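Everything on this sheet refers to the single structure shown next.
2 protein chains.
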Amino acid sequence: MLKTLLAATALTLSFPALAQMDAAALRDAALKDDVAWDITEGITTEIGPRLAGTEAEARARAWALRKLTALGFSNVRNEPFQMQTWVRGVETAEVLAPFPQPLALTALGNSGATPAKGIEGEIAYFPTLAALEAAPEAQVRGKIVFVSHAMTRTQDGSQYGAYGAVRRTGPATASRKGAAAILIRSVGTDYHRNPHAGGTGFPDGVKPIPAAALSIPDAEQLERILKREQPVRLKLTLTPRQVGMTESGNVIAEVPGSDPAAGLVLVACHLDSWDLGTGAFDDAAGCGIVTAAAKRIMDAGQPRRTIRILWAGAEEVGLFGGKAYLETHGGERHALASESDFGADRVWRVDFKLPDSAAAVADRVTTALAPLGIGRSQQRAGGGPDIAALVRTGIAAIDLKQDGTRYFDLHHTPDDTLDKVDPVQLRQNVAAWTAMLAVVANAPEDIGPVK
Amino acid sequence: MLKTLLAATALTLSFPALAQMDAAALRDAALKDDVAWDITEGITTEIGPRLAGTEAEARARAWALRKLTALGFSNVRNEPFQMQTWVRGVETAEVLAPFPQPLALTALGNSGATPAKGIEGEIAYFPTLAALEAAPEAQVRGKIVFVSHAMTRTQDGSQYGAYGAVRRTGPATASRKGAAAILIRSVGTDYHRNPHAGGTGFPDGVKPIPAAALSIPDAEQLERILKREQPVRLKLTLTPRQVGMTESGNVIAEVPGSDPAAGLVLVACHLDSWDLGTGAFDDAAGCGIVTAAAKRIMDAGQPRRTIRILWAGAEEVGLFGGKAYLETHGGERHALASESDFGADRVWRVDFKLPDSAAAVADRVTTALAPLGIGRSQQRAGGGPDIAALVRTGIAAIDLKQDGTRYFDLHHTPDDTLDKVDPVQLRQNVAAWTAMLAVVANAPEDIGPVK
């Protein structure tokens with residue numbers, strides 16, 4: 001009994017104390033990181049937009065393989081998969097009456113197309129998605145539906161769930177009621193003349209209709225025009241197309257650990273981007289952050305657990321990369337998964353999902369993060385989009401939550417460009433990830449599945 | 452002598468004191484103004500973009516005549532004139548090598564056109580206009596010139612003079628040296644993916660070449676690509692065209708004064724706008740401000756001097772409206788001229804150009820403006836763009852200087868939309884203009900020409 005107690009005391013005082021000290025030193029050194037910026041600048045400058053399934057995304061994978069190899073990681077590889085691919089075409093809209101003028105908009109991913117010469121129709125206006133859902137078909141049939149809403153800026157980005165619904169299901173709802181097309185107010189919080197792209201979907205049997213997002217100034221302009229209470233006629237031309245199955249892929253790299261039985265730590269981001277911007281915030285920066293942190297751990301000495309870096313393909317258009325990863329690697333022993341996919345502003349909060357056996361890991365991570373201004377929450381970590389399905393299978397997770405106050409100003413817009421990435425905040429992210437990985441990858445505790 | 456002194460004392464203590472009291476009361480009431488917003492909202496909603504010489508500008512004039520008549524002004528009229536008119540076409544650009552990707556840009560007014568299928572060429576980069584001017588022809592001939600620069604945000608907007616030169620004369624300079632086309636970094640201070648339009652010119656004998664402004668994120672992206680020190684090839688398609696002489700016009704309205712011999716007070720703005728935004732800041736707001744202030748004076752009782760409101764046409768593309776006004780009305784007795792054409796943010800400074808005989812007018816205006824946070828400068832007023840030529844003939848002027856800190860974020864971009872107008876700051880403008888007009892239109896002093 002005494003022997004056991006002594007062993008337990010040694011465990012508490014030595015391994016964790018050492019790991020924590022290392023984490024602190026690595027964390028502080030990471031505040032001078034240049035690797036994350038180098039990756040973010042490189043992807044966005046040398047590739048630019050990289051819509052999933054296109055040649056541009058393939059160039060991004062080639063870039064990724066070269067970069068991860070040059071950084072010294074092991075097992076650098078591309079894991080290709082096939083996907084249904086949609087590409088943008090012409091997209092214009094104009095008010096024909098009562099006040100002729102153009103409107104700025106962009107097609108939603110998987111939007112149907114108008115004829116090349118466009119369509120003309122009267123607007124049927126619904127202030128919310130619920131109003132569209134409640135509307136009788138007679139109000140919708142043959143019309144160009146316009147749905148507005150009022151998403152608000154929040155630090156945790158939590159309004160995206162509720163207000164994103166208009167984009168995710170609004171088009172299918174409008175189609176079921178016989179709409180000719182649908183326009184939504186962009187799911188965003190900025191007031192620039194840049195519409196927010198994003199995917200939508202039409203279930204089997206629901207006809208894909210033309211579906212587009214108006215920039216927020218344009219949506220408010222259209223609302224003002226509608227308030228004049230005259231019929232509003234629009235001309236809309238959208239010519240996107242489905243190009244069939246094409247290749248995408250996940251790029252993977254590793255820092256091999258000393259104890260394969262301890263399970264691997266997966267750190268993820270996504271390499272693809274929407275096509276309007278250069279995907280700096282969403283999500284080149286995420287790839288820069290997790291990779292820079294993994295490299296810092298690698299350079300400090302071999303960790304106990306293998307760190308696996310996943311630059312997922314085809315996230316934006318349907319989480320194809322995350323699904324492909326789960327199919328291929330879901331059976332492997334993952335100790336923990338974590339993803340960076342919420343911009344590049346400072347981490348302000350950490351959420352945990354850990355088994356009771358690893359409760360002390362959360363405490364040590366919390367301690368290591370505190371000097372960076374990061375507080376522990378009571379919310380359960382869910383992982384980012386590419387690992388959420390994996391995490392739902394029972395894998396432990398840590399979410400390093402970034403400040404999202406301006407995230408939905410930039411998200412999926414032409415404005416998602418390198419100038420939006422603040423190098424100082426980017427380094428704070430790398431420091432947070434480095435501290436977290438230093439603790440987790442070396443934790444002596446078992447990090448098993450979580451109920 | 453005593454009689455004269457008494458008369459002077461009476462003048463100092465009665466008329467001006469009374470005028471000043473009126474000015475204060477009118478000023479404070481104007482802080483609840485709705486007319487300026489109503490005009491700004493109306494023009495931008497019911498007309499939208501209104502490029503000079505086009506059918507949209509004609510609709511704006513019809514709107515203006517209705518509105519000014521409804522507000523109760525006298526002598527409401529359109530004074531048409533003919534102008535050379537340029538309209539936008541297709542405008543796209545893409546980097547072909549080494550890093551294929553699209554760039555966001557817009558043609559400059561009076562830009563030449565590429566063939567419909569576009570042109571391809573290598574970039575010749577110049578960090579400044581001076582570097583382009585100094586370059587030998589061999590560095591420019593047959594190339595797509597790209598000129599960058601570094602305009603800075605200033606409250607008084609004073610960098611526009613120097614940094615606007617790249618737009619005004621850069622294209623002609625590049626053409627003279629044999630460039631195939633020219634791209635400039637937008638003359639602006641924002642980091643949105645919205646290029647800044649604006650006019651350029653090609654003197655007689657200088658071939659109009661395709662000329663466009665890149666958005667600032669795109670200009671910086673192109674600079675980063677160029678730093679990789681590989682030849683950069685671009686494809687550029689710009690298909691604007693000159694459509695010949697068309698009609699524009701100045702809309703004029705008046706508040707008739709009681710003393711025609713005292714000269715009229717001209718208050719100006721411009722009705723046309725660039726075509727990318729809805730011209731809310733530039734310059735629907737200006738028309739709202741000067742008109743709302745004139746209406747407040749009219750409603751308070753007949754002023755001594757006639758107040759003439761000028762909503763000038765075709766300012767953006769070459770000051771055609773201002774020139775037409777000067778030709779038609781330059782011989783009339785103007786006591787003073789003033790223009791609002793620098794957005795809708797609060798007035799922070801007042802500049803004067805007054806004859807010595809009217810020095811006390813400046814003092815009373817200064818006193819009336821002080822409670823609004825407006826300080827008097829030592830700079831000489833020059834008038835706004837539509838009245839500057841008139842003011843140079845010797846007419847007195849007052850400039851109510853607006854805070855321009857964010858003006859060049861919006862100027863000539865798609866982002867110049869109603870949401871950028873702050874109703875509270877707009878009202879402060881109306882209050883400033885009302886106070887100024889209350890003093891100037893009623894001043895007992897003679898306001899004659901200024902040397």
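Chains as they are written, first to last, in my numbering: chain A, 1 to 451; chain B, 452 to 902. We put the CB at the ideal spot given by N, CA and C, even for glycine. On a predicted model such as this, the values are computed, not experimentally measured, just so you know.
Between the alpha carbons of Gly109/A and Pro171/A lies a gap of roughly 11 angstroms.
Annotation: Gly188/A to Ala431/A spans about 29 angstroms, alpha carbon to alpha carbon.
Against chain B, the beta carbon of Thr128/A has no neighbour under 8 angstroms; the closest one sits roughly 20 angstroms away. Closest by C-alpha distance to Ile748/B, out of Leu516/B, Val683/B, Phe524/B, is Phe524/B. With contacts defined by Cβ atoms closer than 8 angstroms, Ser111/A and Ala211/A form a contacting pair. At a beta-carbon threshold of 8 angstroms, none of the residues of chain A lie near Gln879/B; the nearest stands roughly 21 angstroms away. Taking a beta-carbon distance threshold of 8 angstroms, Asp873/B does not count as an interface residue toward chain A. Between Lys227/A and Tyr125/A, the alpha-carbon positions lie close to 10 angstroms from each other. Close to Asp866/B, with beta-carbon spacing below 7 angstroms, are these residues of chain A in chain order: His192, Arg193. Under the Cβ criterion of 8 angstroms, Glu542/B is not counted among the residues facing chain A. For Ile676/B, the enclosing alpha helix (DSSP H) starts and ends at 667-678. A residue is called buried once 16 or more other Cβ atoms fall within 10 Å of its Cβ, and Leu482/B, having fewer, is exposed. Taking C-beta atoms as the reference points, Glu55/A and Asp272/A fail to come closer than 8 angstroms. The residue from Gly700/B, Pro707/B, Trp762/B with its alpha-carbon nearest to that of Val718/B is Trp762/B. Legend: CB atoms of the segment 103-125 of chain A lying less than 8 angstroms from CB atoms of chain B belong to residues Ala104. Counting the other Cβ atoms within 10 Å of the Cβ of Arg756/B gives 16 or more, which makes it buried. Contact of Ile498/B with chain A is assigned, a C-beta pair being separated by under 8 angstroms.
DSSP places Arg304/A outside both helix and strand once states are collapsed to three, so it counts as coil. Less than 8 angstroms divides the Cβ of Ala487/B from the Cβ of Ile740/B. Put simply, the CB of Glu508/B is far from chain A, with every gap to its CB atoms at 8 angstroms or more.
In this structure Tyr858/B is in contact with Gly794/B, their Cβ atoms being roughly 5 angstroms apart against a cut-off of 8 angstroms. Residue environment: Ala892/B is assigned as buried (16 or more neighbouring CB atoms within 10 Å of its CB, all protein chains considered). The beta-carbon separation of Arg759/B and Leu715/B, rounded to 5 angstroms, stays under the 8 angstroms limit for a contact.
Contact annotation for Ile225/A against chain B: Thr496 [CB-CB distance below 7 angstroms, chain order]. Under the DSSP assignment, Thr557/B falls in the beta strand (DSSP E) whose first and last residues are 556-558.
By a beta-carbon distance limit of 8 angstroms, Val842/B does not contact Gly855/B. Their separation comes to about 20 angstroms. Looking at the DSSP output, Gly249/A shares a beta bridge with Pro80/A. Beta-carbon to beta-carbon, Asp409/A and Asp190/A are separated by about 4 angstroms, close enough to satisfy the 8 angstroms threshold. For a cut-off of 8 angstroms, the C-beta gap from Gly781/B to Thr868/B is around 35 angstroms, too long to register as a contact. Between Thr106/A and Leu276/A, the C-beta gap is smaller than 8 angstroms, which places the two residues in contact.
The three-state secondary structure of Ala438/A, taken from DSSP, is helix. Annotation for Lys67/A: no beta strand (DSSP E) segment contains it, though the alpha helix (DSSP H) segment containing it runs 55-70. Ala180/A and Val95/A have their alpha carbons spaced roughly 16 angstroms apart.
Of the residues assessed, Gly244/A falls on the exposed side of the cut-off, its CB having fewer than 16 other CB atoms within 10 angstroms. Under the three-state reduction of DSSP output, Ile660/B falls in the coil class, being neither helix nor strand. Cβ atoms of Leu65/A and Val251/A come within 8 angstroms of each other, at about 6 angstroms.
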